[in-house]
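Residue numbers (this note's numbering), protein chains in the order written: chain L, 1 to 690; chain U, 1001 to 1330.
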């Protein structure tokens, strides 16, 4: 282990290290990169003989300072990011003092581990492809280090590493499919540093508009059966019941439920509120991108959903912890269920809450209209018609609103985004004594034409309202639809026109009307979708499904049999490529016949040495076994003429036939006496005479 | 830290068992083709470290529930498994031939020539060839090619020097696994006695050891005397000069006309042991060979008729080397 390193191993180890660090560079603080650069340059100068290795004191100081710096930077050493930083710094310092084979090994292993860490941060196809490439490079470094022959250039280690890794792929696939997906063994510091995306727990004017400036993906949804039409696709996320005049937030009960869910309570605090089945059951699967928020998005009333998820009393679905990596969940939902047909007094009171003394004009208008309308339904209809008929504008850049934000909006600016309309609408309903609340989530989604799944982006974020009506329960109303129907029918892009994604000119979604780009984008997304479903979200459930499809029934014995069977097959193929089972050089009939004769001679005691020319061998046979000479010499002459001469077609045919029949009759025996040889000779003679 | 004696004994017996097992498994042969029967393979220290890395990756994959980390861990696991075949293949189908060694004098190093040739149409890279238990030297056999190495071994005693097992190992291509074999190539070489540092060959004689001298050592003009050196035969001491009270002198045989001489066992000093007598004879043979003289050798049970030349020298030295019951060269 303490063996000296070949000189070229240094370059390879630095290459491996840089491959490992590569994608982390953007995440690492500048000083870490500086340490790497200094160490690399220093070691290179040592390699050239210009500088000398750092002394023990310098090394100790460097290590101490690096650890301190990491500790100060993150205030912890056990998170994912400080771990990566520590590994990078440690490997760079190791490279600096690298002398022995052990140092080389440490660097290579750290490089492998850094690749793995990168996969914890980024899981998209390009990153995975990079990780694969980096694995090839690091493996090539290992091969180069153990190569005794420096010839063959730097490509040879790459070629060998690539070949070996490709041969390892079947084993990887097999293990990937079969290895049991068990729950985490211990709790680990989650990578919570990620930005929270999507709607937040509160909603103020401008919040949803800000979301709409992002073309990031929020989630993908796959329906087992028909995809509901766009105007029905209201993905509920949060229900906001408390209003302070400016900001909407969750009601006290919902907040408590969220807390309990995050604390890991196994049972809901309250029984999910009742519903009346509507009969429009739809099953779908959602792959939610990491958003660092604990709530999930669902369509309709969730009848059944994955274990570990929780249903709140306002019919929202919650995860037991913030979604820090892409989460897949399945929901069976009733899209037509009537929610909470009976509203309790306490609840009714909280859904009627309004900040006292604010928005007097809205309150007055509501009182007047409600009295004139005669029923809640007709009142709501009138409000929506008002939104539709008056000069309300749907825009991403509304003016600022004052203290009475709803009054300012309804009777002043009249320019707003969906949160303005939802908020104003809900206030108008509450002021008229109708329980109402704001719902935040996503609306719509884009269909992938090849796979039929829906892509929901951040710009699909939306806010709408729910009003409680007797017998009907909570009914969805979308005032935005009254103002800008195209927002609901064909998406925010069409509704906003030039305003859409104005801040990000490079977002490919902006140009979704360019046919080729759209095609490319959807093709790429299809790939990403399959990647997410089949690879990233391959979990215990999918494993069981796949294995039972492959094996009939999942039992340990069958799984082991699959593992051993396929593993042995994979290794057999590798062995075949390694050991001689190369395609046999095709020989023509004449050569095959001649070699048969030689094999018989070998059995009789005269072996043709490798590379011995047929005529030279015939001469030797003549010397050693005069009894065989005659027929073998004739046969050899024929063969030599066939193999090295230039016989014409007729001669070729004739000679080949003669050779083959001569070989058929050529049965030399081990030398016992001349009698046998004579016998052979006689047989040849008799054949020769007509 | 001192090992307890019992532990050491256990270690010895384990090693002996292992050696016996290998001897049974890979019998001696001049030429060996490496294959399943004689290649062993085992992870190196790096290999075990790599397995630990795999475990760490696996735990990371489990705890972060990351399928891509799983994939990386499994890819590297596959690499390790495939590496077994590649490491084996790097050694397999290598033809190892022991070409023996030239005879040497005791105390010198015998150079055993080992040829490695490719018999499987592939490159054999990163080979380490050496005596069992010693550091090896690097070797590389190209596709369809061969490499010849000389392994040196100190010859301490005259007689046959049997070469120990040759160890051929390779951790190529990954360094995680080491394939090795331990071959007895049935190599041996003759070790001549170490020539004595002093003692002149006997004078030329015609048959008996008491033949007359050609010169009168008494005459004053006779220059064939020199001071006595230890190891000179007593027979050549010039007693007359001693009687005159001069220093002890012996006849210098170089002063005599050279004809065929006999180097006899009986001419060597009595009282010294067998080895020093052989050493003396060895010195004489070399001396006469250097002069180009004709000489014969007479040992108990073995007589070489007088002759000259390299063949005579080799025969004589071999006879000396194998004196005392060692079988003649095959």
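Every residue, glycine too, gets a C-beta built ideally from N, C-alpha and C.
Mind listing which residues of the segment 68-82 of chain L have their C-beta closer than 9 Å to chain U's C-betas, in chain order?
80
Leaving out five residues on either side along the sequence, give the residues of the same chain with a beta carbon under 6 Å from the beta carbon of residue 66/L.
89
Among 458/L, 464/L, 386/L and 433/L, which one has its Cα closest to the Cα of residue 691/L?
This structure cannot speak to residue 691/L, because chain L is shown only from 1 to 690.
Inspect the CB distances between the segment 291-301 of chain L and the segment 496-504 of chain L and report whether three or more fall short of 8 Å.
no
Does the structure place the segment 431-443 of chain L close enough to the segment 339-357 of chain L that three or more beta carbon pairs sit under 8 Å?
yes
Return yes when the Cβ of residue 237/L is within less than 8 Å of the Cβ of residue 329/L, no when it is not.
no
Beta-carbon spacing of residue 441/L, residue 170/L below 8 Å
no
In three-state DSSP terms, what is residue 586/L?
At residue 586/L the pLDDT is 42, less than 50, meaning the model places this residue with poor confidence and gives no usable figure here.
Listing by chain order, which chain L residues have their CB less than 8 Å from the CB of residue 1072/U?
112, 115, 116, 119, 131 and 135
I'd like to know if residue 1060/U contacts chain L, where contact means its C-beta is closer than 8 Å to some C-beta of that chain.
yes
Any idea what DSSP makes of residue 492/L, helix, strand or coil?
Looking at residue 492/L - three-state DSSP - the assignment turns out to be helix.
By alpha-carbon positions, which one of 1262/U, 1061/U, 1145/U and 1175/U ends up nearest to residue 1295/U?
1262/U
Identify the contact partners of residue 168/L in chain U, using a Cβ-Cβ distance below 9 Å as the criterion.
1074, 1075, 1076, 1077, 1078, 1079, 1080, 1081, 1082 and 1083
Could you check what DSSP says for residue 1124/U in three-state terms: helix, strand or coil?
strand
Verify whether the separation of the beta carbon atoms of residue 396/L and residue 209/L is less than 8 Å.
It is a contact, given that the beta carbons lie within the stated cut-off.
For the segment 153-167 of chain L against the segment 1074-1088 of chain U, do three or more pairs of beta-carbon atoms, one drawn from each stretch, fall closer than 8 Å, so that the two count as touching?
Counting Cβ pairs under 8 Å, three or more are found: they touch.
Own chain partners of residue 600/L with C-beta closer than 7 Å, once the 5 adjacent residues on each side are dropped
666, 667 and 668
Residue 9/L at chain U interface by Cβ criterion, 8 Å
Closer than 8 Å: no.
Measuring CB to CB, does residue 215/L end up less than 8 Å from residue 417/L?
no
Complete runs of the alpha helix (DSSP H) confined to the segment 408-455 of chain L [at least 4 residues]
Along the segment 408-455 of chain L, the alpha helix (DSSP H) occurs as fully enclosed runs of 4 or more residues at 418-431, listed in sequence order.
If we ignore side chains and look at the alpha-carbon of each, how far apart do residue 703/L and residue 398/L end up?
The question about residue 703/L has no answer here: the residues shown for chain L are numbered 1 through 690.
Kindly indicate the opening and closing residues of the beta strand (DSSP E) around residue 1096/U.
Unbroken beta strand (DSSP E) run through residue 1096/U: 1094-1101.
In this structure, how does DSSP classify residue 765/L when only helix, strand and coil are distinguished?
Residue 765/L is absent from the structure shown; chain L starts at 1 and stops at 690.
Examine chain U for any beta-carbon lying closer than 8 Å to the beta-carbon of residue 329/L, and answer yes or no.
no
Proximity winner among 487/L, 64/L, 363/L and 403/L, relative to residue 394/L (alpha-carbon distances)
487/L
Selected residue, minimal CA-CA separation from residue 1037/U, among 1043/U, 1031/U, 1044/U and 1026/U
1026/U
What's the C-alpha gap between residue 21/L and residue 469/L?
Taking the straight line from one Cα to the other gives about 59 Å.
Anyone know if the C-beta pair for residue 438/L and residue 203/L falls short of 8 Å?
yes
Go through its chain and collect everything with a Cβ distance to residue 690/L's Cβ below 7 Å, but skip five positions before and after it.
With a pLDDT of 30 at residue 690/L, under the threshold of 50, the modelled position of that residue is not reliable, and no figure is offered here.
Whose Cβ in chain L lies nearer than 9 Å to the Cβ of residue 1116/U?
Going along chain L, no residue has its Cβ under 9 Å from residue 1116/U, so there is no contact; the nearest lies around 12 Å.
Would you list, in chain order, the members of the segment 1137-1171 of chain U that have their beta-carbon closer than 9 Å to a beta-carbon of chain L?
1138, 1139, 1140, 1142, 1170 and 1171
Residue 679/L to residue 594/L, Cα distance in whole Å?
A caution first: residue 679/L carries a pLDDT of 39, below 50, which makes its placement in the model unreliable, though a value can still be read off. For residue 679/L and residue 594/L, the distance between alpha carbons rounds to 21 Å.
Would the beta-carbon of residue 1175/U fall within 8 Å of that of residue 98/L?
Their beta carbons are not under 8 Å apart, which means residue 1175/U does not touch residue 98/L by this criterion.
What do you get for residue 1305/U, buried or exposed, if any count of 16 or more other CB atoms within 10 angstroms of its CB means buried?
exposed
Within the segment 1118-1205 of chain U, note down every full beta strand (DSSP E) run reaching 3 residues or more, in order along the chain.
1124-1131, 1137-1141, 1146-1154, 1159-1162, 1166-1170, 1177-1183 and 1188-1192
Does the beta carbon of residue 1038/U sit closer than 8 Å to a beta carbon anywhere in chain L?
no
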